[in-house]
Amino acid sequence: MTEGMGVRVESGEAVIRLPEDARNKLVEELAPCPCVAPKSIATTETRQAFLDALPHQPVRWPVSNIHGLRVALGDCACRGPQPSDTIRHRLSVALGKLRV
Ligand SMILES: [Zn+2]
């Protein structure tokens, strides 16, 4: 996990803390892929909701939508396997380990 990153479950919500450096990097990583592959509207909306919430630390995210958030953190299929050194990947792994 990235230095200073924290993910835990609190009262039915995932509480996600990211230091400013990681937040800035994540915003860059989550920029929409410019390719013409069809994009899921739900995934695009989830990603945008997360980006909107990101500046307000910590982010509180309903555990019922952790799967949707993990999908939204995934990279576009055109880019092949995800490198494991990205914030989006590390956050997705951390969310996948939560006991909800
Ligand atoms: Zn793409």
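For the sequence shown, the residue numbers in our numbering are 1 to 100. Glycine residues also receive a C-beta, built at the ideal position from the N, C-alpha and C atoms. The model shown is predicted, which means the values in this text are computed figures rather than measured ones.
Can you give me the start and stop residues for the beta strand (DSSP E) that residue i sits inside?
i, result
"A14", "E13 to R17"
"G6", "G6 to E10"
Which one of the options has the shortest CA to CA distance from residue i?
i, options, result
"V100", "M5, E10 and E3", "E10"
"G74", "A31, G6 and V7", "A31"
If you draw a straight line from the C-alpha of residue i to the C-alpha of residue j, how long is it?
i, j, result
"G68", "L91", "13 Å"
"N65", "V71", "10 Å"
"I16", "Q57", "8 Å"
"D85", "E29", "11 Å"
"P19", "F50", "15 Å"
Along the alpha helix (DSSP H) that carries residue i, what are the first and last residues, could you check?
i, result
"R90", "I87 to G96"
Could you tell me if the beta carbon of residue i falls within a distance shorter than 8 Å of some heavy atom in ligand 3?
i, result
"P62", "As for ligand 3, it is missing from this structure, which binds only ligand 1."
Quick check: the region 47 to 61 against the region 17 to 28, are at least 3 beta-carbon pairs closer than 8 Å? These segments touch.
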